[in-house]
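In the working numbering, the protein residues as written are 68 to 502. Built from N, CA and C at the ideal position, the CB exists for glycine as well. Computed from a predicted structure; not experimentally measured.
What follows is the structure, given as structure tokens:
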């Protein structure tokens, strides 16, 4: 299994680690063997520090990922990771991801890869992602990495192992016809989500590789057997003010390519249902495209569900666009959060002004035709809404699964624990604290 590309000075994962970037942290670990013997659901615990040389940093999983279910491996003499044995496929499952991107290709002798530069064209492709059978919902298990403190310099990295980690087994660029043939074959074989396409648009601070893993994780955890799609625009994959500005411009520049991609999925694949999930800055890309499709063909474009997760969009612009897209789908749901790290960067960039996905003291944004749900009280790692720890709760995942499968509304009908909050501006829903 090929190792993932490691760009100098950059973390492999798209999301920031749940710790100060300049200090080593104690990772949260789990005892898989003990749980398997007891047939219990996974939990997490705090690992003891390993005795490493004074000059050596502690191990931590790849940024934005989760530990692979075992303690950090001890350092060996030499810096090369030991090659992991490749057992039978019974130790992992394979999830297909159909992707479109306007990222530019990067040099990588191991496999096709894309960086943060703008490619200025739409490229289609297909990836096969391995998901280990020890996977814990909704984590993305990735290898451990040793870094020098106060730097992002990697001095040792655990070898990828599909028994423990998400890995990219295969990735291919495809022409449009071959792409459509593979999608139609996948849709024809679907059962639980018959002829259903699910499109994920990632947000700020996301690398191509991590976006592929996130799409596979969402599909796997939803038990989604339809066709999972990713649109990956040229995000820097870093969390900083300059990176935020670059990402914002990249999302805007990606609009014509994403429009072509979405029209292909909706009109050419044969899917009878299309649901879309956009996170963070990905909503800046999605909403104008939905508006344009609505204007071009007001009666012919019909999408099942549109899920807007912590949208990093100006609140006034969001209200306007949300009204413009009414009728394009069976339902629109906004998940808002007061503790989203990407939105915290956005607020700082915009001088403290809340964004559409924020929950300020006066409450979340409310727009007719949009179900707004405050998810601050639950862990939302599956979309990277909240980077505060490894996810243990799956309430949001369950809600999205029911939403895509049934479209049932109002929200408390499908999730009875939701609290309905009535205000002079309208109603919204809130998850209570989950213990």
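Distance, residue j Cα to residue i Cα
i, j, result
"residue 377", "residue 432", "11 Å"
"residue 466", "residue 168", "28 Å"
"residue 317", "residue 472", "33 Å"
"residue 220", "residue 213", "9 Å"
"residue 436", "residue 393", "7 Å"
"residue 441", "residue 404", "6 Å"
"residue 217", "residue 258", "50 Å"
"residue 204", "residue 461", "7 Å"
"residue 375", "residue 215", "38 Å"
"residue 478", "residue 345", "19 Å"
"residue 179", "residue 295", "19 Å"
"residue 352", "residue 322", "6 Å"
"residue 492", "residue 407", "24 Å"
"residue 395", "residue 382", "20 Å"
"residue 495", "residue 314", "30 Å"
"residue 142", "residue 275", "Confidence is the limiting factor: at residue 142 the pLDDT is only 48, short of 50, which leaves the residue's position unreliable, though a coordinate-based value still follows. Near 29 Å, if we compare the C-alpha coordinates of residue 275 and residue 142."
"residue 181", "residue 270", "16 Å"
"residue 414", "residue 361", "30 Å"
"residue 200", "residue 240", "28 Å"
"residue 324", "residue 193", "17 Å"
"residue 416", "residue 363", "34 Å"
"residue 474", "residue 388", "22 Å"
"residue 399", "residue 340", "14 Å"
"residue 359", "residue 174", "35 Å"
"residue 370", "residue 282", "19 Å"
"residue 412", "residue 255", "42 Å"
"residue 93", "residue 476", "At residue 93 the pLDDT is 34, less than 50, meaning the model places this residue with poor confidence and gives no usable figure here."
"residue 260", "residue 336", "15 Å"
"residue 485", "residue 438", "12 Å"
"residue 443", "residue 206", "19 Å"
"residue 279", "residue 298", "9 Å"
"residue 470", "residue 420", "31 Å"
"residue 171", "residue 418", "32 Å"
"residue 430", "residue 236", "44 Å"
When the options are compared against residue i, the one with the closest alpha-carbon
i, options, result
"residue 211", "386, 159, 331 and 225", "225"
"residue 198", "230, 296 and 475", "230"
"residue 468", "372, 409 and 484", "372"
"residue 423", "399, 202, 384 and 496", "384"
"residue 160", "288, 494, 339 and 416", "288"
"residue 390", "355, 284, 414 and 421", "355"
"residue 514", "170, 430, 223 and 238", "What the structure shows of the chain is the stretch from 68 to 502, and residue 514 is not part of that stretch, so it cannot be assessed."
"residue 445", "439, 438, 309 and 463", "463"
"residue 330", "402, 266 and 234", "266"
"residue 253", "284, 233 and 291", "291"
"residue 273", "262, 255, 264 and 311", "311"
"residue 304", "419, 277, 320 and 222", "277"
"residue 158", "171, 202 and 430", "202"
"residue 327", "386, 189, 438 and 261", "189"
"residue 409", "185, 366 and 350", "350"
"residue 366", "397, 342, 183 and 343", "397"
"residue 300", "357, 184 and 420", "184"
"residue 262", "171, 342, 297 and 223", "342"
"residue 268", "357, 172 and 420", "357"
Rounded Cβ spacing between residue i and residue j (contact assumed at less than 8 Å)
i, j, result
"residue 248", "residue 191", "About 12 Å; that fails the 8 Å criterion."
"residue 45", "residue 488", "Given that the chain is displayed from residue 68 to residue 502, the structure contains no residue 45 and the question cannot be resolved."
"residue 380", "residue 333", "With a Cβ gap of about 22 Å, residue 380 and residue 333 do not count as contacting."
"residue 233", "residue 209", "6 Å"
"residue 320", "residue 264", "Contact doesn't hold; Cβ gap of about 25 Å is too wide."
"residue 196", "residue 162", "5 Å"
"residue 503", "residue 386", "The chain is shown only over 68 to 502; residue 503 falls outside these bounds and no answer can be derived."
Burial state of residue i (16 or more Cβ within 10 Å)
i, result
"residue 348", "buried"
"residue 500", "exposed"
"residue 428", "exposed"
"residue 483", "exposed"
"residue 187", "exposed"
"residue 165", "buried"
"residue 490", "exposed"
"residue 286", "buried"
"residue 227", "buried"
"residue 302", "buried"
"residue 402", "buried"
"residue 284", "buried"
"residue 309", "exposed"
"residue 293", "buried"
"residue 222", "exposed"
Distance cut-off 7 Å: residue i Cβ against heavy atoms of the ligand GTP
i, result
"residue 473", "With respect to the ligand GTP, the structure shown offers nothing to examine, as it has no ligands at all."
Exercise for review: Could you tell me which uninterrupted beta strand (DSSP E) segments, each at least 3 residues in length, are contained entirely in the stretch 273-332, listed from first to last along the chain?
Suggested key: With a minimum length of 3 residues, the continuous beta strand (DSSP E) runs that stay inside the stretch 273-332 are 294-299.
Exercise for review: At 4 residues or longer, and completely inside the stretch 187-258: list those alpha helix (DSSP H) runs for me, N to C.
Suggested key: 243-256
Check your understanding: Quick one: complete alpha helix (DSSP H) runs, 4+ long, within the stretch 404-443?
Key -> 408-416
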